[in-house]
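Counting in numbering that gives the first Met the number 0, the sequence shown runs from 0 upward without gaps. The C-beta atom is built at its ideal place from N, Cα and C for all residues, glycine as well. These numbers come from a predicted model, not from an experiment.
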Amino acid sequence: MEAKLQRKTKETEIELVLAYPGNEREIATGCGFLDHMLDLLCHRAGLGIKLSASGDVEVDYHHLAEDVGIALGQALQEIAKREARNRYGWCLLPMDGSLAQVALDFSGRGSAYWKGTFPTQRCGDFDMELVPEFFRAMAREGGLTLHTALLETDNSHHAAEALFKGVGMALRQALCPAAGDPSTKGVWL
């Protein structure tokens, strides 16, 4: 199943096709670090993605990262609500000397909770403060309750990689079709 969307603002332009299950990935945002992280997340989640995004990167990557998070969250919610899913997912993911803890719920009440710090402010030309910003946008628009924490860090690249892979692993669990009703309320999303 696929979710397709376009998002155009004065700051960014995004075209996204998200497939679940899927394994084909074409990602072009103009930010190599973000492309790499999205590839890791989608691979671990079992998502196919075709993403073309551009933005006012002459300012910085803030609008691009946030708006890609918005688009990804909207597409995830569209896929999740088509049928009852397991709903919950979690992961404790090591990446060399970094360790990330992730838990999520397709609750319909989008919110993100973040703990941790990166050892450096930047990884290449990417501001590391945009990692939690990306996840906040994705959680809000995806109707996800998302908890992420960096328990250990050896460097900023490995720490971000642990987070994105961990979120992907948790999404893989949560997106699996539910054997029964995933909510005692009788309403899914």
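| Check | Outcome |
| --- | --- |
| Which stretch, first to last residue, makes up the alpha helix (DSSP H) that contains C30? | Element bounds for C30: n/a, residue is neither H nor E. |
| Output the distance between the C-alpha atoms of L39 and Q172, rounded to the nearest integer angstrom. | 16 Å |
| From what residue to what residue does the alpha helix (DSSP H) around R135 run? | L129 to G141 |
| What's the gap between the Cα of I201 and the Cα of Y60? | It is not possible to answer for residue 201, since the shown part of the chain is limited to 0 through 188. |
| Tell me, please, whether the segment 139-154 touches the segment 91-109 by the rule of three or more beta-carbon pairs shorter than 8 Å. | yes |
| For A27, count the other beta carbons within 10 Å of its own beta carbon; 16 or more makes it buried, fewer makes it exposed. Which is it? | exposed |
| Among A44, D126 and A2, which has the Cα closest to the Cα of K164? | A44 |
| Exposed or buried, which one is G31 when buried takes at least 16 other CB atoms within 10 Å? | exposed |
| Please list the terminal residues of the continuous alpha helix (DSSP H) segment that includes K9. | Careful: K9 lies outside any alpha helix (DSSP H) and carries neither H nor E. |
| Along the chain, which unbroken stretches of the beta strand (DSSP E) at least 3 residues long are found entirely within the segment 35-63? | 47-54 |
| Which residues does DSSP pair with R108 in a beta bridge? | For R108, which the question treats as bridged, DSSP gives no partner whatsoever. |
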